[in-house]
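For the sequence shown, full-length UniProt numbering gives the first residue as 1, with consecutive numbering after it. Note that beta-carbon positions come from the ideal geometry of N, C-alpha and C, so glycine has one too.
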Amino acid sequence: MAGPVFPIELEREIFETTALMHRKTIPALLRVAHRVLLEPLLYRVLIIGSDDGVSNAVRRAMQTKPAGFFHKSVRHVAITTLRSQEDSYALLRLCTGLVSFSTLGYSFQPAILPILQKMTQMRKWSGHLNQLFGTPAAIDFTHPFFRAITHLDIFDTVTGNDMEAYVSLAAMSALTHLCLNGQVGEAFSWRVLDECAHLQVLVNMWEEEIDTHLARAIAANPPVSDKRFVVCLYYENYLKDWEVGARGAPIFGRRRTTLLSESAGGKSRRPVIGWTRPYTSANNRLQAVYY
1 MAGPVFPIEL EREIFETTAL MHRKTIPALL RVAHRVLLEP LLYRVLIIGS DDGVSNAVRR
61 AMQTKPAGFF HKSVRHVAIT TLRSQEDSYA LLRLCTGLVS FSTLGYSFQP AILPILQKMT
121 QMRKWSGHLN QLFGTPAAID FTHPFFRAIT HLDIFDTVTG NDMEAYVSLA AMSALTHLCL
181 NGQVGEAFSW RVLDECAHLQ VLVNMWEEEI DTHLARAIAA NPPVSDKRFV VCLYYENYLK
241 DWEVGARGAP IFGRRRTTLL SESAGGKSRR PVIGWTRPYT SANNRLQAVY Y
């Protein structure tokens, strides 16, 4: 006699919740989830390196899965290294349903722009713009790729000579969160805050191991008095934080918005200096700031 069977909706909820909360259990769950399709969850977040198991599994899937599998399954991709640029192009041509994309440690050339343009669901991008467009002078925020981007994390340091290339930032009508690395000048900061109509946060990011004292000095004497300007340090693995955010934790968004709304309510009118993890010391307590 067959045992009791859960309703399919409840069974799907149980398996999918378990798979999302405990990703390493997915291979085992695949062996028992006969009525629920879990395999796409394995590909929801991809971090691609040159010689790791993930890269090999993705290559096999590209050769064996139906044409629409990657479009339906993959939502977040970070590429650190690949054996060839053509490998990355081939993968990204399939991942047209991407929501976020990071090119940490891997620089793409302008030839990828037509591929990115087809990713109409893309909301978050991080990487080097100079390489993406070929030269700083060629950077164009009116490009169709940027039309729906809300979160932009630019790894390039914006120097005085390059600032004119960023004049068109205001053309990104959906932009709400912008992260710039290194020194950000007063005139440039004011221009971005004034002209980007929907910008909620302008993050000035510094590397903790190198720039702590400089970041503290800027937070104490910021180039602008706008409460949307935030100085932030990252002191752990950027890719790890990116993955946590891609898997649903509020690393880049809700917590920062909450903190800034408290600031706007009058509790603090000064820019906040924060960490991507909560940080305390004997002399002060710095609230975590999330981009």
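- Counting only residues of its own chain and dropping the five nearest sequence neighbours on each side, residue 223 has a CB closer than 6 Å to the CB of 186 and 189.
- Contact between the stretch 144-159 and the stretch 107-125 is present: 3 or more CB-CB pairs across the two stretches fall below 8 Å.
- The residues 107, 108 and 109, in chain order, have a CB closer than 8 Å to that of residue 131 in the same chain once the five nearest residues on each side in sequence are set aside.
- Its Cα nearest to that of residue 115, the residue 93 stands out among 104, 93 and 135.
- The residues 46, 48 and 91, in chain order, have a CB closer than 7 Å to that of residue 58 in the same chain once the five nearest residues on each side in sequence are set aside.
- In this structure, the alpha-carbon of residue 204 lies about 26 Å from that of residue 98.
- Across the structure, residue 135 and residue 61 are spaced so that their CA atoms are roughly 35 Å apart.
- The three-state reading of DSSP puts residue 74 in coil, since its state is none of H, G, I, E or B.
- Only exposed fits residue 159, as fewer than 16 other CB atoms lie within 10 angstroms of its CB.
- Assigned with DSSP and collapsed to three states, residue 58 falls in helix.
- Counted as a single uninterrupted DSSP element, the beta strand (DSSP E) harbouring residue 48 occupies residues 45-48.
- Of the residues 244, 247 and 194, the one whose Cα lies closest to the Cα of residue 226 is 194.
- If the five residues before and after residue 117 are omitted, its C-beta is found closer than 8 Å to the C-beta atoms of 143, 144 and 145, all from its own chain and listed in chain order.
- Ranking 81, 196, 84 and 112 by CA distance to the CA of residue 95 puts 112 first.
- In the structure shown, the three-state DSSP call for residue 230 is strand.
- Under DSSP, residue 153 shares a beta bridge with 126 and 179.
- CA-CA distance, residue 7 to residue 101, rounds to 36 Å.
- Cβ-Cβ distances below 7 Å link residue 148 to 120, 122, 123 and 174 in the same chain, with the five nearest sequence neighbours on each side left out; the list follows chain order.
- Between residue 231 and the set 196, 197 and 184, the nearest pair of CA atoms involves 184.
- Annotation for residue 156: 128, 129 and 130 place their beta carbon closer than 6 Å to its own, counting only its chain and skipping 5 residues before and after.
- In this structure, residue 177 and residue 201 form a Cβ contact; the two beta carbons are roughly 5 Å apart against a cut-off of 8 Å.
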